[in-house]
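In case it helps, full-length UniProt numbering puts the sequence shown at residues 1 to 88. Think of the CB as a built atom: it goes at the ideal place given N, C-alpha and C, for glycine as much as any other residue.
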Amino acid sequence: MITTEERAAILKVIGTKHLKKIQAYLSQNKIFNQNKKPYSKTVISYIVSGERENEIIENAIFAYAHQKMIENEKQQELRDLLVSKQKS
Numbered sequence: 001m002i003t004t005e006e007r008a009a010i011l012k013v014i015g016t017k018h019l020k021k022i023q024a025y026l027s028q029n030k031i032f033n034q035n036k037k038p039y040s041k042t043v044i045s046y047i048v049s050g051e052r053e054n055e056i057i058e059n060a061i062f063a064y065a066h067q068k069m070i071e072n073e074k075q076q077e078l079r080d081l082l083v084s085k086q087k088s
């Protein structure tokens, strides 16, 4: 189950419209409900908020957040590099 601290960290990394982004990530990785349909934003919201438990979706959310964190770090490195080149 996702804790309050984990939820805060996930939302900080993923940013706005997190439910839509998580839903897209789940679909891209072929993670569907038992009826072979994409998980609804409502179900994802319950899991992100810690109201429900689903280990598969939780693991996918953490994997997506980790992926986004790496992307954000690379983007920040590029920005820092650009700024440092302008100062030189």
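Outcome for residue i when other beta-carbon atoms lying within 10 angstroms are tallied against a minimum of 16
i	result
residue 66	exposed
residue 83	exposed
residue 24	exposed
residue 60	buried
residue 26	buried
Proximity to residue i [Cα-Cα], best of the options
i	options	result
residue 69	12, 2, 7, 5	12
residue 3	62, 76, 86	62
residue 44	86, 10, 72	10
Distance between beta carbons of residue j and residue i, contact taken as under 8 Å
i	j	result
residue 47	residue 57	5 Å
Contacting residues, own chain, Cβ-Cβ under 8 Å from residue i (five flanking each side not counted)
i	result
residue 39	23, 26, 31, 32, 33, 57
residue 41	19, 20, 23
residue 14	21, 22, 64, 65, 68
Contacts around residue i, its chain only, beta-carbon distance under 7 Å, and the 5 residues preceding and following it disregarded
i	result
residue 1	50, 53
residue 6	none
Cβ-based neighbour list, residue i, same chain, cut-off 6 Å, excluding 5 preceding and 5 following
i	result
residue 28	none
Report the residue ranges of all beta strand (DSSP E) runs contained in full by the stretch 8-87; include only those spanning at least 3 residues, in chain order. none
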